[in-house]
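In terms of the working numbering, the sequence shown opens at residue 780 and continues consecutively. Structure record follows, encoded as structure tokens.
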Amino acid sequence: MKILVTGGTGFIGSHTVVALLEEGHEVVIADNLVNSQRNVVTKIKRITGVKPFFYKVDVADKKSMRKVFSEHKFDAVIHFAGLKAVGESVQKPLLYYRNNLDSTLTLLELMKEFDVKNILFSSSATVYGTPENVPLKEEDPIGGTTNPYGTTKLIIEQILMDFVHANEGFKAVSLRYFNPIGAHPSKLLGESPNDIPNNLMPYISRVANGKLSHLNVFGDDYETPDGTGIRDYVHVLDLANGHVLALKAFSFNHAYNVYNLGTGKGTSVLELVHLYEKANKLKIPYVIGPRREGDIAASYADITKAKNELGFVPHYSVKDACRHAYLFEKKQK
Ligand code: WQD
């Protein structure tokens, strides 16, 4: 298939482009580089031997994006492009709603104009809000999101449902990621935010590499076995593979479909710290601090649907991800 990947130089996007190319698909990347670097395209070529087409473009810019669609006949779009820092979204809600919603609406208008019928969307477990119980299933209630970032994901899922309902033959699939972690074993691709990381894994990797002094554990008084927050940490390579597998859902007779992508297992903050220490034979100094506002105690996936319908089976362990993340961060300046 010929696939347009928006946000294809980002953390999950770049790993997915590698997986698509390795599967023999043709890839065109559209990315404005607001949160990634152009040299990721060269790194993708070094890993796969194939240099994907690249357009430096804001997906919300209809004129520029129309040029992209006019130069290629796409079979599908995978839509990663979007701002994704939870904390920043609370400070700058309008930026998040404008950017994440405008880019999606522009994309869908152009898909209709050029008759590109299939879209895979990068959604998030945040759409489940504060879950009643875990593990989370796709049919569990969504809503009650606790930040504008999560709310944009919720709204975009609704937009996709309405769009495919109104346009015969169009198909949309939302993939709800749990907590993506890790890096490519080549150490060429990984997660390295431009400023102090909000997410746990990149923060620990900076501590492990001496770039930050210690980890602050946000609360150890949750209703969990060791009192710290539990999440479903899924290796980015497994997540990328999940996207390749999800392409088959366009042949299913559902116009709209949703799949959880996780491991199906929960890991606490302290368990992750200890796994990281074991994987890399080092110590991670940490201090127990107060809870972070908006955090939930536990969230992990039921991945039965992805397993049964897509053949999605996670291959990498959390420990593998700790090793890959450490080695990648070690290579960063
Ligand atoms: C994980 C756990 C924290 C940092 C968010 C988004 C989600 C996705 C992944 C984009 C929690 C604890 C964290 C730290 C800590 N984002 N923690 N000290 O909040 O589960 O999910 O990132 O795709 O959509 O919502 O991830 O890594 O921030 O936190 O103790 O310095 O680690 O309390 O229990 P989160 P996280």
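Just so you know, even glycine gets a beta-carbon here, dropped at the ideal spot from N, CA and C. Since the model is a prediction, treat every value here as computed from it, not as a measurement.
Based on Cα-Cα distance, which residue from the options lies nearest to residue i?
i       : options                           : result
GLY1041 : ILE1009, ALA1058, ALA1080         : ALA1080
LEU812  : PHE833, GLU1072, ARG1070, VAL797  : PHE833
LEU800  : LEU967, VAL865, ILE975, LYS824    : LYS824
ASN1032 : ASN973, GLY948, SER953, GLY989    : GLY948
LEU899  : LEU1026, ARG1070, TYR1105         : LEU1026
VAL1092 : PRO920, VAL847, LYS1044           : LYS1044
LYS830  : PHE848, ARG845, GLU805            : GLU805
ASP999  : ALA1104, GLU1050, PHE1029         : GLU1050
ASN897  : MET980, LEU889, SER903            : LEU889
TYR956  : PRO976, LEU967, LYS932, GLY969    : LYS932
ASN878  : ALA1085, ILE935, PRO981, LEU1061  : ILE935
GLU918  : ALA904, ALA962, VAL1097, PHE790   : ALA904
SER868  : HIS963, ARG1102, THR930, PRO964   : THR930
HIS1103 : GLY792, PRO959, HIS944, PHE997    : PRO959
ALA1085 : LYS842, LYS1098, TYR1105, LEU1024 : LEU1024
THR885  : PRO910, VAL856, LYS863            : VAL856
ASN988  : SER965, PRO1064, ILE791           : PRO1064
SER901  : GLY789, GLU970, GLU802            : GLY789
PHE997  : ARG1071, PRO972, ALA1019          : ARG1071
Straight-line CA distance for residue i to residue j?
i       : j       : result
ARG1010 : SER1047 : 6 Å
LYS871  : TYR928  : 10 Å
PHE859  : GLY1021 : 14 Å
ILE983  : PHE1107 : 12 Å
LYS891  : SER882  : 14 Å
VAL807  : VAL1015 : 20 Å
ASN1039 : GLY922  : 16 Å
MET940  : ARG985  : 40 Å
TYR1001 : ASN995  : 15 Å
ASN912  : ALA1034 : 28 Å
ILE1075 : GLN816  : 32 Å
ASN1036 : LYS1060 : 42 Å
ALA1028 : THR1003 : 36 Å
LYS1110 : GLN937  : 40 Å
LEU954  : SER1030 : 16 Å
TYR1055 : TYR1105 : 8 Å
HIS944  : ALA951  : 10 Å
LYS863  : THR925  : 14 Å
ASP810  : ALA962  : 20 Å
TYR1095 : ASP1017 : 7 Å
LYS781  : PHE942  : 22 Å
PHE848  : PRO910  : 39 Å
LYS846  : GLU1088 : 35 Å
According to DSSP, what are the bridge partners of residue i?
i       : result
GLU805  : LYS781
GLY1068 : PHE997
ALA1080 : LEU915
ASN1039 : ARG955
THR1046 : ARG1010
LYS1027 : In the DSSP output, where bridge partners are listed per residue, LYS1027 has none listed.
LYS950  : ASN897
Can you find at least 3 beta carbon pairs, one from the segment 829 to 847 and one from the segment 781 to 799, that sit closer than 8 Å?
yes
Going along the chain, which unbroken runs of the beta strand (DSSP E) with 3 or more residues stay wholly within the segment 953 to 1025?
958 to 960, 994 to 997, 1012 to 1014
3-residue-minimum beta strand (DSSP E) runs that sit fully inside the segment 858 to 937, ordered along the chain:
897 to 903
Whole beta strand (DSSP E) elements within the segment 803 to 855, 3-residue minimum:
805 to 810, 832 to 835
Counting Cβ pairs, one atom from each stretch, are 3 or more of them under 8 Å apart for the segment 1063 to 1080 and the segment 1001 to 1010?
yes
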